[in-house]
Every structure is written in structure tokens, then in C-alpha cells.
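Worksheet for the structure shown next.
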Amino acid sequence: MSKHTTTLAREHGKNAGNAALPERFVHQAKRGISREIVEEISAIKNEPQWMRELRLNAYEEFMRLPVPTWGPDLSGLHFDEITYYQRTEEGRYKNWEEVPADIKNTFEKIGIPQAERAFLAGVIGQYESEGFYQKLRPKWEDKGVIFCDTDTAVQKYPELVRKYFMTDCIKTKEHKLAALHGAVWSGGTFLYVPKGVHIDMPLQTYFRMNARASGQFEHTLIIVDEGASVQYIEGCTAPIYGTSSLHAAVVEIFVKKGARSRYTTIQNWSKDVYNLNTKRAIVEEDGIQEWVGGSLGSKTTMLYPCSILKGRGARAEHLNIAVAGPGQHKDTGAKIMHLAPNTSSTVISKSISFGGGISTYRGLLKIIKGAKGSVSHVQCDALMPDNISVSNTIPYIKVDEEDVTLGHEAKVGRISESQVFYLMSRGLTEEEAINLVVQGFMEPIIKTLPLEYAVELNRLISMEMAGSLG
Amino acid sequence: MSTLTIKNLHVQLENKPILNGIDLTVRKGQTCVLMGPNGSGKSTLGNTLLAHPACRVERGSIKFGKHMLSKMKTDEIARAGVLLALQHPQAIPGVSVTNLLTIAARKFPQPKNFKMAHFRQEIKDTAKALHTPDEFLSRSLNEGFSGGEKKKMEILQLSLLPAKCIVIDEIDSGLDIDALKLVAKQISKLRKRGVSLVIITHYNRILRWLEADRVHIMHKGKIVKSGTSALAKDIEKNGYAAYINE
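Here the protein sequences line up with chains R and G, keeping their order. For the first sequence, position 170 (counting from the first letter as 1) is numbered 170 according to the numbering used here, and the numbering increases by one without interruption. For the second sequence, position 74 (counting from the first letter as 1) is numbered 74 according to the numbering used here, and the numbering increases by one without interruption.
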């Protein structure tokens, strides 16, 4: 499997989101990880004692825990060669006009300020390790909504953060990358929606990793209080450099009684990034958590959003698209725990493997004794336009209750010569015909995205696949 | 102008000779019917006209006006105005006929005053004329459609793209009599626009509503008899036997 350890990414210059731009820092930590670096990060951020201790404990766990070996090959990942913290600017901006020109350019190329004006309720921009721009429409601020970067939240809302940050949902001792994250996390989004508040426009954060051999460890913490609802979107990119970088994010979501949360993420990392994330939601009585994910780019991605259906009637929906091209390994899936009666879950996972790419669906479905009347349906569709790519399905199911309804479907499809001929006979070129079949394949997930994202995702996927088929 | 000319066409399918020297001319606005028993090569001829990758032209040529179709790719042939209604239309999950048509329409030369909004309305109007409920316009194309619905979708698409010559492969199979009437009526509209028609059929049911200018009988990859619509009537009465006994 030598192709996994190739570090040079394939250039695709058309993609402005991946164009390398000048690096700029006012502070950059030394390479590698040590107790001193963890303390340094905490000191620079002027953190309270409890957070400093959380980091140091996590560091101890990181040193103790082994690199996971049950999934994709991570032997090309060298923890000593990564820079764990870099800060570009002092302070935060509330106005695009104040943002330094080169950072502004990066974000304008990806269309962020335009999108904010058009259809978002609030925006955070993060460049390297920390957020630099944040804005929430006053309407929501007045209703008590909190939307800021997580570093700011540690200072301004310590009680909320201390209660929820890597305590009940994801613990630092779970695995090596969660521990690393706990030790060096920086940036990310903190979102609190008070009881009964329904935010009818999406909130968005955009992460940009611009320096070579760097790590990005943003921590997103979302609390949707009883009866409230929110849609949150995260977009991520990194430019193309010849050295491996690491993205190890943690997302923790608390969906309280009767609340509803949709977390959407479109990730387009450059093809030398290890994208190893841990995302989990705890869903209480009658709450609904929806995960919508599009995973493009990166060298290796491991991502299995998890829903813990803790309260009676809680529901989870997982929709995921993974695209694996040459030299890429996408190991993605869903974990669902049915812990209460009448809980329900749906998983629709779609993958496209081409040019020798590997995509794996890895799922865990657990229904405990007593979770009577629970319903789960898992559907995995793989599309492979050629004969050199790989698609795997590894569903793990553990059910200890008899009164449940389960469904599992897995299909592998190819783009048939007949389909391509059919579409070409309507005047489409071969490439357009293949793109249209691919778009149709992804349509059930694309249609859940806001229009701007749907268009962008279709564009990114056809760009990734351009020239690799036919 | 825009005459379809097939000369000495030899075609192989999976290394087996299927067409063994076809000569055929269809003038602008003419309706030409190709009949013949199963396996006579009718559908292969239709697919070859649109350069299906499985059909290998060994000898001969296909010309449409100034375009040498036998040297062109499927999409180039379509954009030159030669379109095919398939015998077995493919399902395209997640893509509706409206999606496909709005993409396809942009690929063709269109009049200066072409407006997408107007085109979308035309899609709806044509569907109405074919008694196709609106929901079929937004569902995944051909996925779970009945045989009849698929055939109507073919005629709908060909009616809305700027075609000059239309090849219709076994449109009558899977259609009940009412649906066949509607489809024939729609095809007649195209003929009035000056579109040439090549109708491939096993039976002559559709000819009750569509008058043919020329009828050709195919057997073993050759045209064995040509005539007027009287020939089709004769076959209806007496079968193919009289024409295919060598």
C-alpha cells in the first residue's frame, strides 16, 4: 500500500480554496509536542487554571495511548514534525474592512463575506489556530444566543464551557487523537441557543489552515437548550503543501429535550492532510440531531459522527458523502447508540471511489436492552466508475433488545456504458454525462444543503474527478 | 440539405457481423419505417446511427447533410440534430427529466430569444399533451417508471431538443392503445416541423396514426424489400415469411 504514504499532493490549481498563500504569524510554537508547549499554549491564551489542567491531563493521556491501528494506515503521521499552535493576529475583527488584506483575500476567494451578507445569521472565520472574525446578527444576540470562538468562550462563559467541554460527551482518555486534541486545542466554535429559540438562518464557521506542517485542532461545542433549534455549518480548507499536516477536531453537541440541531460540514482539505476527527452528539428526550457531511480532499480521513440517543423518542439522521480519489483513503461512517425506548436513527452514506481511491463505510449500531420500539435504517451506497478503486462496508451491529426494527442496505454501483450513452445521445459530452450520473447519485444528500453549498459541492466533486475518468 | 445517407454499412457487435451492407436514404421531412423480425439488425442500425460504443462500423458510411456521422461521437451526432428514442431508456437516479433537459438544451444551438423560463414551461406543456403527470418531471428519470412512461419520456425529450432527424426504436412496445395514440400524435407534430423520422418497429400498430413515406424490410442485416405504406399493410396481413425466405 505504498500509495498511502506518498506525501506529495496532486496539484489542482483551478481550486482557489486550495491555493497556497503567504504564511503569516505573530506567534508560532516550536515543532513537536511536549509538556512545555502545552503550557505555553495555555499561557498565551491566558487560560484559567481548570483549562490548563485539562490540557496537561490530556497530554499525559496522549503520551500513554497508542496510535489506533484498526483503521487506515497512519504510519506517515509524525507527531514530532507538526507545529501545534500558531497565531496570526492579535484580537478579533467585527468588520471585514478591518481584516488584514491577505487574510481577507483568502476568505473572499472562497466567498465567505458574500455568503454572510446573503444568507447567514452569523459567521466566524478562523485562520490557522484562532478565530479572527466573528459576527452574529443583533436579532439573535438579543435573544441570548451565544456564537463566538471557543477561546473567547473560555474567558467569557467559563461556567458553560467548564460544564460541557470534554466532560460528558467526548473524554480526552478515549483515544490518542482525542487526547492530543484536549492538550493542544485552539479555536473552534462555541454556540449556545437558549430555551425555545429557533434560529431560522444557518450559522457558519470557516476554518482555513494555511501554514505547512501545521496542526489544526478546533473545538466546537454546541448546546441547543430545550425546545430550541439551530443549523450550523462548518467549511474547512487547507492549501497544498508537500508535507503532511494534521486536522484533529472535536465536535461536541448537546441536544436537550425537544430541541433540534443540524450540523453540516463540507471539508475540502489538501491532499496531504490527515483528517482525524471525533464528533458526537448527546440527544435527549424527543430531540433531533442531524449530521450532514461532505468529505473531500485530504490524504486520510477518519470520521464517524456519533449520536447517543439518550432520551425517549430521540432521533438521529446521518447523511454523508465521501469522495476518494487517487492516493486517498476515506474511512467514514456513523456510530449510533440507542439507549432509550422509541429512539430512531437513519444513516445514508454515499461514497465515490475513483482512480484507485479507497472508501470504507465503518458503522456501529448499538441498541441496548430496554430500548423498546427503536427503529434504525442504514443505507450505504458506493459508486465506483472504474475497476482499480476500492469500496468497503464494515457495519457492526449489536442489538440486545428484541422489540426493534432494523434495516440495512448496501449497494455498489458503477456508471454503466448504457447510462453514459443515453446521456450523450441527448448532447452531453462524456465528461458531462459522468458528472451528471455522479450528481444524481449524491442528490439525496446535496438537496439537504443550502443552495450555495450544493452548487459548491457539485463543483468541487466534478473538479476532483476531472480527467480521472473516461 | 439534411438528407440522411447510409452507404454499404457493415457493423459488428461483440465481434459478430450484424449489419451486412445497408443502403438507405431519408430525405428531409420524410418518414421512413424499418420493419423486420427480431434479430434482423434494426436496433443495431438505430444504435449505430448514434455511434453506440458497442457497435463497430467495419465498412461504409453514414452521412447527415454535411456531417459524416460515422466518424463522430454520440454527443456530436446529437448536437448535429440526429436524436434517438431508445428502446430501453436508462434510469438515471437523482436526475429528473427537467434537470437533464435544462442541461441538454444549453448544449444545442438555440435561437437568440431562447429563454430558460420559457423552455421550462414548454417541458410542462409537452408533458400535458402526453398526459404525463407533473410529478414525473421531477422524479428520478426512468427510475421505477412503467414501460409506457419511459417511452413517453423519450418522446418528450426529443420534442424539446432542436432535432432535425429522429430515430425511434420500438416506441410501440409497452404502450397501451391510448398512450400509443398520444405518442403518435406528438410524433406527427414533429413531422409537421419538417423533422425526418426513422421509425424502427416490429409491428405496424403505430402506422395507423402515422403515415410512412417509405417502408423497408430488414432481414439478417440487410434491407430485403422496400416499398410504400402498402408494404406494411401486407406484412400485417401475411407476416414476414414471404419476404425473408431466401
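Ideal placement from N, C-alpha and C gives every residue a C-beta, glycine not left out.
Residues bridged to residue i [DSSP beta-bridge criterion]
i: S186(R); result: For S186(R), which the question treats as bridged, DSSP gives no partner whatsoever.
i: V248(G); result: With chain G covering only 1 through 246, there is no way to say anything about residue 248(G).
i: H408(R); result: V378(R)
i: L303(R); result: T332(R)
i: Y206(R); result: G125(R), G235(R)
i: V399(R); result: I367(R)
i: H131(G); result: None; H131(G) has no bridge partner.
N-terminal and C-terminal residue of the beta strand (DSSP E) that residue i is part of
i: A382(R); result: 374-383
i: G94(G); result: 92-96
i: N320(R); result: 315-324
i: D403(R); result: D403(R) -> no beta strand (DSSP E), and no H or E assigned at all.
i: D169(G); result: 165-169
i: R414(R); result: Element bounds for R414(R): n/a, residue is neither H nor E.
i: L276(R); result: 273-276
i: L137(G); result: Looking at the DSSP string, L137(G) is not in any beta strand (DSSP E); the run it does join, the alpha helix (DSSP H), is 135-138.
i: L246(R); result: 245-247
Alpha-carbon to alpha-carbon, residue j and residue i
i: D386(R); j: L191(R); result: 43 Å
i: N15(G); j: G355(R); result: 29 Å
i: I217(G); j: T228(G); result: 11 Å
i: T31(G); j: R414(R); result: 38 Å
i: H219(G); j: G21(G); result: 11 Å
i: L56(R); j: A183(R); result: 6 Å
i: A232(G); j: K192(G); result: 22 Å
i: E417(R); j: E60(R); result: 56 Å
i: L319(R); j: L428(R); result: 29 Å
i: S229(R); j: K256(R); result: 10 Å
i: K335(R); j: L364(R); result: 5 Å
Coarse secondary structure for residue i, derived from DSSP in three states
i: V26(G); result: strand
i: D286(R); result: coil
i: P89(G); result: coil
i: E443(R); result: helix
i: E47(R); result: coil
i: M166(R); result: coil
i: A242(G); result: helix
i: Q121(G); result: helix
i: E430(R); result: helix
i: K222(G); result: strand
i: E174(R); result: coil
i: M68(G); result: strand
i: Q110(G); result: coil
i: G148(G); result: helix
i: R193(G); result: coil
i: F354(R); result: coil
i: N99(G); result: helix
i: V67(R); result: coil
i: I18(G); result: strand
i: G17(R); result: In this predicted model, G17(R) has a pLDDT of only 43, less than 50, meaning its place in the structure is not dependable enough to derive any value.
i: M1(R); result: With a pLDDT of 27 at M1(R), under the threshold of 50, the modelled position of that residue is not reliable, and no figure is offered here.
i: E36(R); result: helix
i: H338(R); result: strand
i: L180(R); result: helix
i: K185(G); result: helix
Continuous alpha helix (DSSP H) stretch holding residue i: start and end
i: W140(R); result: 138-142
i: D151(R); result: 150-156
i: L13(G); result: Taken as a continuous stretch (DSSP letters only), L13(G) belongs to no alpha helix (DSSP H), being part of the beta strand (DSSP E) at 4-13.
i: F421(R); result: 417-424
i: T220(R); result: No alpha helix (DSSP H) contains T220(R), which is instead part of the beta strand (DSSP E) from 219-224.
i: E76(G); result: 74-79
i: R459(R); result: 451-465
i: G254(R); result: Rather than Gly, the amino acid found at residue 254(R) in this sequence is Phe. Counting along the chain, F254(R) falls outside any alpha helix (DSSP H), though it belongs to the beta strand (DSSP E) covering 250-255.
i: S43(G); result: 42-49
Residue i CB to nearest heavy atom of the ligand MG below 7 Å
i: I170(R); result: The ligand MG is absent from the structure shown, which contains no ligands of any kind.
- [ ] Decide yes or no for the touch test of the stretch 103-115 of chain G against the stretch 126-137 of chain G: beta carbon pairs closer than 8 Å, at least 3 of them.
- [x] No, they do not touch.
Open item on the list: Across the stretch 340-347 of chain R and the stretch 307-319 of chain R, are there enough close Cβ pairs to call them in contact, namely three or more that are closer than 8 Å?
Closed with: In short, these stretches touch, since the Cβ pair count reaches three.
Task: Cβ contact check for the stretch 69-87 of chain G and the stretch 38-53 of chain G: 3 or more pairs under 8 Å - done: Because the criterion of three Cβ pairs below 8 Å is met, the stretch 69-87 of chain G and the stretch 38-53 of chain G touch.
- [ ] Determine, using beta-carbon pairs with one atom in the stretch 246-257 of chain R and one in the stretch 166-176 of chain R, whether at least three such pairs fall under 8 Å.
- [x] Result yes; three or more Cβ-Cβ pairs closer than 8 Å.
Task: Given 8 Å, three or more beta-carbon pairs between the stretch 421-431 of chain R and the stretch 65-77 of chain G - done: Because the criterion of three Cβ pairs below 8 Å is met, the stretch 421-431 of chain R and the stretch 65-77 of chain G touch.
TODO: Check whether the stretch 282-295 of chain R touches the stretch 435-454 of chain R, counting contact only when three or more Cβ pairs, one atom from each stretch, lie closer than 8 Å.
DONE: Output reads yes: the stretch 435-454 of chain R touches the stretch 282-295 of chain R.
- [ ] Determine contact between the stretch 167-178 of chain G and the stretch 199-206 of chain G, defined as no fewer than three beta-carbon pairs at a distance below 8 Å.
- [x] Counting Cβ pairs under 8 Å, three or more are found: they touch.
TODO: Determine, using beta-carbon pairs with one atom in the stretch 39-46 of chain R and one in the stretch 258-275 of chain R, whether at least three such pairs fall under 8 Å.
DONE: The stretch 39-46 of chain R vs the stretch 258-275 of chain R: no contact.
- [ ] Decide if the stretch 52-70 of chain G is in contact with the stretch 382-402 of chain R; the criterion is three or more beta carbon pairs, one per stretch, under 8 Å apart.
- [x] No, the stretch 52-70 of chain G does not touch the stretch 382-402 of chain R.
TODO: Count the CB pairs spanning the stretch 459-468 of chain R and the stretch 370-378 of chain R that are closer than 8 Å, and state whether there are at least three.
DONE: The way I'd put it, the stretch 459-468 of chain R doesn't touch the stretch 370-378 of chain R; fewer than three beta-carbon pairs between them come closer than 8 Å.
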